[in-house]
Amino acid sequence: MCEDVFDTLVGRDPLYALLDDGDEGVAPVASMRAPIDATGLALLERMLDFYDKFAERNRDNSALRQQTARSYARVGAIHERFGAHDEAVAAYERAVSLMRTEGYEGEPRELAAVLQELGQAQVRRGRPREAATAYAQ
5 MCEDVFDTLV GRDPLYALLD DGDEGVAPVA SMRAPIDATG LALLERMLDF
55 YDKFAERNRD NSALRQQTAR SYARVGAIHE RFGAHDEAVA AYERAVSLMR
105 TEGYEGEPRE LAAVLQELGQ AQVRRGRPRE AATAYAQ
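Using the numbering used here, read the sequence shown as starting at 5 and increasing by one per residue.
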């Protein structure tokens, strides 16, 4: 349910930006972002608060590392929706850091999806070198 609201207001979750295509391997997913009205904006602010608190509370919990990384990625996506690119970059970088820790159980393509989002956020900040580094990774 919460994921559906997130996808509707923000766009496809960056961790699910790629889907398996049975015959061809992996295919990109395009998502459209709906315009946000005052109600949607208020809901996004509440979601941002929830994901941010979840990520901060559980950042050192190895059992919740994957969910925490996903929460940071969602925080980044919400900040992007608000146009807060610096905050988005910080959140994406936290997600990447968790995904690179020993024992992380997520798939490598999850890391690739967040690095892509990080690169796009860097482009929006006017930082092409940092974007190129994220894309290269």
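All C-beta atoms, glycine included, are put in the ideal place defined by N, C-alpha and C.
Item                                                                                                                                   : Value
Report the three-state DSSP secondary structure of residue 64 (helix, strand or coil).                                                 : coil
To the nearest angstrom, how far is the alpha carbon of residue 70 from that of residue 107?                                           : 10 Å
Contact between the stretch 104 to 120 and the stretch 128 to 135: three or more CB pairs below 8 Å?                                   : no
Can you say whether residue 2 is buried or exposed, counting buried as having 16 or more other CB atoms within 10 angstroms of its CB? : Residue 2 falls outside the range modelled here, since the chain spans only 5 to 141, and no answer is possible.
Would you kindly work out how many angstroms separate the C-alpha atoms of residue 50 and residue 85, rounded to a whole number?       : 14 Å
Would DSSP call residue 76 helix, strand or coil?                                                                                      : helix
Could you please give the first and the last residue of the uninterrupted alpha helix (DSSP H) stretch that includes residue 3?        : The structure shown does not extend to residue 3, since the chain is modelled only from 5 through 141, so no value can be given for it.
Going by other Cβ atoms of all chains shown within 10 Å of its Cβ, with 16 needed for buried, is residue 46 buried or exposed?         : exposed
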